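Input: a single structure, listed below in C-alpha cells.
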Amino acid sequence: MRFSSNTRILLIAMTVVVLASFLPLGVSGYILGLLTVAFYFGVFAMAWDLLFGFAGEVNFGPTFLIGTGAYTAGILDNLYQPPIWLCVAAGTFAAVAGGVVLALPALRVRGPYFGLTTLVAVLMLQNYVVVDASLTGGEIGLTVPDVITISDTKNYEIALWFMAISAAILFSLSRSPVGLILQASGQDAVQAGALGFNVTKHKLTAFIISAFFSGFAGALLVFYLGSASVGTFVDITVGVQIIIAAVLGGRRTILGAVLGAVFIIAMSEALRPIGDLANFVVFAMALVVVLIFPGGFFGLLTRSREGG
Amino acid sequence: MGTCCVSVVFWQILVDGFAISSLYALGAMGFALIFGVSGVLNLSHGALMVAAVVAAWAAGNDLHAGPYTGAMIGVAVGFATTLLTYFIIVSPLQRTRKIREDEKEIFILTATLLWGIMIQELIGYLYTNNAKTVAPIVEGVMSIVGVRTPKNELFTAVVCWLVIGGLWLLVNRTRAGKAVLAASMNPRGVTLLGIELSQIYIAVWAIYGLLVGVAGVLLGMFLGVSSYSVGPLTASAFSIVVLGGLGSVSGALIAAYVVGYLETITAYLISPAYRTIPALLLLIVVMYIRPRGLLGRR
Chain G
-6 MRFSSNTRIL
4 LIAMTVVVLA
14 SFLPLGVSGY
24 ILGLLTVAFY
34 FGVFAMAWDL
44 LFGFAGEVNF
54 GPTFLIGTGA
64 YTAGILDNLY
74 QPPIWLCVAA
84 GTFAAVAGGV
94 VLALPALRVR
104 GPYFGLTTLV
114 AVLMLQNYVV
124 VDASLTGGEI
134 GLTVPDVITI
144 SDTKNYEIAL
154 WFMAISAAIL
164 FSLSRSPVGL
174 ILQASGQDAV
184 QAGALGFNVT
194 KHKLTAFIIS
204 AFFSGFAGAL
214 LVFYLGSASV
224 GTFVDITVGV
234 QIIIAAVLGG
244 RRTILGAVLG
254 AVFIIAMSEA
264 LRPIGDLANF
274 VVFAMALVVV
284 LIFPGGFFGL
294 LTRSREGG
Chain Y
609 MGTCCVSVVF
619 WQILVDGFAI
629 SSLYALGAMG
639 FALIFGVSGV
649 LNLSHGALMV
659 AAVVAAWAAG
669 NDLHAGPYTG
679 AMIGVAVGFA
689 TTLLTYFIIV
699 SPLQRTRKIR
709 EDEKEIFILT
719 ATLLWGIMIQ
729 ELIGYLYTNN
739 AKTVAPIVEG
749 VMSIVGVRTP
759 KNELFTAVVC
769 WLVIGGLWLL
779 VNRTRAGKAV
789 LAASMNPRGV
799 TLLGIELSQI
809 YIAVWAIYGL
819 LVGVAGVLLG
829 MFLGVSSYSV
839 GPLTASAFSI
849 VVLGGLGSVS
859 GALIAAYVVG
869 YLETITAYLI
879 SPAYRTIPAL
889 LLLIVVMYIR
899 PRGLLGRR
C-alpha cells in the first residue's frame, strides 16, 4: 500500500516535470525567469525539509548553507575566473563544510537552543559579508563576471532538471530506511539509539546532504542571477521564506516544498499590482495555512485523495 | 592627557552601557517570563516592540500628541498587539488537536515568526522603513561623574529599574504572582490546586504586553528604531534569554548587562561596525560549554 502510494506520487511528479519541460514553447521569457528562481528556491526548501521534517532539527539558518555556497562560488569566479563548474563545485564543497560545522552544536544542544545557534550562524555570516567588503562586495553585493548562459530557455531547463533530480534523490532518501531512522532520531533520539541506530552518524549525514543541495542550488543561482547579495542569499527574511515554502507545501513531504516555493513566487508576482502590501498578504496567507491546515498543500492533496 | 581620556572613556562606557543594558534587561524580561511560564518562544517579540515605538512616534508626528500622551499611546498599542498575538496565534495553536503535542513548539515558532514579519511589512507599508525616534519625555544634558549624559539616558535606566522592581514585587509578594511562579515550576500542580491555567497565561501575556510597550517606547526615545530592527531585536532578546538560561528571569537580567556592556565596550574601543559580534561569539561559547545558560534550570 505504502509502496503503491509512493509510486503514484512519483508518477504524478514525473508527469508534471515532463509537462513543465514543454513550457518554454508557450510562455514568455519573463515567466520562465520567475520559474527558474522558484525551482532553485524549491531545492532550498526541500533541503530544509529533510533537515527539519525528518531529522527534527529546528534550522532557522538555511541561508547560512546557501549563502556559504553562493558566496564561495561567486568570490572564486570574481578572483580567478576558473570554469564555472569548478566554482559551483567549490561552492557546494564549502556549503558541505558549513553543514558539518553547523552539525557540531546540533549534536550537543537541542530544540530552541539549536535554533538559536543557526540564527547566530546566519548573523555571523551576514556580519562577515558586510565587514569584509573588499572580497565579498559588502552591502552593495558581488557581481560575478560569468553566467552559465544568457538564454532564458536554457536557464529554465537547467533549473527544472536540477530541481527534478534533487527532488527524486531527496524524496527516495526520505522514504528509504535512512529516512525512517532520521525520523525516529528526530522524534526520540534516546530510543532510536537504544534500538541500535547510530543517531550521530545519521544526523551528520542529514546535515551533509542538506548542505550539499543548498550549496549546489545557491551556487547555480549565483550564476543565473549574475550577482550575489546579502538580501538575496543570506538575510534572515530569505531563510524565513524558505521555511514558509516548506511549511506551506507540507512538512515531511519533500515534494510539497517545491509547491510551496512556486506558490510564494507566483503569489508575490500576482500581487505585484498592490505594491508593497504584497509581501504582507503572502505572509498572512501563509499564517492562515499554518493555523488552519497544518498539513500544508501536500497534506490537503493526499488527504482528499485518500478520502475519495 | 592619556590618562584623562582613558578615564573619560571608561566612565562613558560605564554610564552608556548601564542605560543600554537596563533597556535590554527590560526588553528580554517579558520574553523570559513567557517562556518560563508557558514554554512559548515568541519570535514576534521585536515586531511587538517596534509596533509600540511606531505608535508613539505616529501619535507625536501625525496627531501632534505631547510626549506623555505619545508614550501612553505607544505602551497601549504594544500591550494590545501583544494580547492580540496571544489570542489569535498562540492560544489557538496551544488548543488545537490537529497538531501533535510534540510538534506544537515548532508551529508556534513558525506562526509567531510569520506574524512578526507581517507586522514589520505593515509598518513598512504604512509608515515607510525609515528610522523613527520618539520625542523624549525628559530633555537636556547633565553631567554624571564627569560624563555629559543626556537626561533621557538616566530616565531610561530609572524607569527600567522601577518596572523590573515592580515585576519582582508582583511575582514574589502577591498571591497572583505566586500562582504565576508556581505555574512556571509545575503547571499540573497548579491546576490541581484549582487555579485555571489559561487565566494565568492571560495574566502573564498581559504583563508581557506592558513590558513590551514600556521597553519599546523607551527604546524609541533612546535609540530609535526602523522596521528593519524587528529581526535584530528578537535575536537580541533571544540570545540574552539563552545566555541567562531559558526560563530564568534573574539569569536574563545578568545576561542583559553582560551583552549590553560587551556591545558598548566593542563600539567604543574597536568599532561600532563590530558591535554585535563579541556577544554572538560569547553566546556560541556558552552554548558549547554550558548549554543551559548561566542560571538555567535544565
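Residue numbers (my numbering), protein chains in the order written: chain G, -6 to 301; chain Y, 609 to 906. All C-beta atoms, glycine included, are put in the ideal place defined by N, C-alpha and C. As the structure is a prediction and not an experimental result, all values here were calculated from the model.
Assuming residue 625 of chain Y contacts residue 872 of chain Y (C-beta within less than 8 Å), just tell me the rounded distance between them.
4 Å
Taking the C-alpha atoms as reference points, what is the distance between residue 710 of chain Y and residue 790 of chain Y?
23 Å
Euclidean distance between Cα positions of residue 636 of chain Y and residue 695 of chain Y
21 Å
Work out the CA separation of residue 259 of chain G and residue 215 of chain G for me, nearest whole Å.
21 Å
For residue 856 of chain Y, tell me which candidate among Y:739, Y:836, Y:900, Y:703 has the shortest Cα-Cα distance.
Y:900
When you compare the CB of residue 25 of chain G with every CB in chain Y, is at least one pair closer than 7 Å?
no
So, with DSSP's three-state summary, where would you put residue 796 of chain Y?
helix
Taking only the alpha-carbon atoms, compute the straight-line gap between residue 743 of chain Y and residue 230 of chain G and give it to the nearest angstrom.
30 Å
Segments assigned alpha helix (DSSP H), at least 4 residues, entirely inside the segment 741 to 806 of chain Y:
759 to 781, 783 to 793, 795 to 800
What first and last residue would you give for the alpha helix (DSSP H) that runs through residue 234 of chain G?
229 to 242
Do the segment 795 to 802 of chain Y and the segment 678 to 695 of chain Y meet, that is, are 3 or more Cβ pairs less than 8 Å apart?
no
Proximity of residue 827 of chain Y and residue 631 of chain Y at Cβ, strictly below 7 Å
yes
Chain G beta carbons: is any one of them nearer than 7 Å to that of residue 719 of chain Y?
yes
Is there contact here, the segment 81 to 98 of chain G with the segment 119 to 126 of chain G, by at least three beta-carbon pairs under 8 Å?
no
In chain order, what residues of the same chain lie with their CB nearer than 8 Å to the CB of residue -6 of chain G, ignoring the 5 residues before and after it?
At residue -6 of chain G the pLDDT is 43, less than 50, meaning the model places this residue with poor confidence; the figure from the coordinates comes in the next sentence. Excluding residues within five positions, none has a Cβ falling inside 8 Å.
Interface positions of the segment 263 to 291 of chain G facing chain Y (Cβ-Cβ less than 7 Å), listed along the chain
269, 270, 272, 273, 276, 277, 279, 280, 283, 284, 287
If we count the other Cβ atoms within 10 Å of its Cβ and call it buried at 16 or more, is residue 154 of chain G buried or exposed?
exposed
Considering only the alpha carbon of each residue, which of Y:724, Y:703, Y:792, Y:782 lies closest to residue 841 of chain Y?
Y:724
Just the C-alpha distance for residue 747 of chain Y and residue 843 of chain Y, rounded to the nearest angstrom, thanks.
30 Å
Collapsed DSSP secondary structure at residue 648 of chain Y in the structure displayed:
coil
Classification of residue 244 of chain G by the beta-carbon crowding that lies within 10 angstroms, buried from 16 upward:
buried
If the cut is a Cβ gap below 8 Å, which residues of chain Y does residue 191 of chain G touch?
Those within 8 Å of residue 191 of chain G in chain Y number zero; the least Cβ separation is about 22 Å.
DSSP beta-bridge partners of residue 221 of chain G:
G:135
At the level of alpha carbons, what is the spacing between residue 6 of chain G and residue 187 of chain G?
37 Å
Let me know if residue 234 of chain G comes out buried or exposed under the rule of 16 or more other beta-carbons within 10 Å of its beta-carbon.
buried
Figure out for me which residue from Y:903, Y:867, Y:876 has the closest Cα to the Cα of residue 887 of chain Y.
Y:867
Whose C-beta lies closer than 7 Å to the C-beta of residue 33 of chain G among residues of the same chain, with five residues either side of it excluded?
152, 210, 213, 214
Would you say residue 39 of chain G reaches chain Y, if we count a Cβ-Cβ gap shorter than 7 Å as a contact?
no
With 7 Å as the C-beta to C-beta threshold (strictly closer), list the residues of the segment 726 to 737 of chain Y near chain G in chain order.
726, 729, 730, 732, 733
Separation of residue 19 of chain G from residue 700 of chain Y, as counted between CA atoms:
45 Å
So for residue 51 of chain G, helix, strand or coil by DSSP?
coil
Rounded C-alpha distance that separates residue 14 of chain G from residue 150 of chain G
7 Å
Could you check what DSSP says for residue 122 of chain G in three-state terms: helix, strand or coil?
helix
7 Å Cβ shell around residue 756 of chain Y - same chain, five flanking residues per side excluded
749
Boundaries of the alpha helix (DSSP H) in which residue 23 of chain G is found, first to last residue:
22 to 42
Would you say the segment 46 to 63 of chain G touches the segment 99 to 118 of chain G, given that touching needs at least three Cβ pairs under 8 Å?
yes
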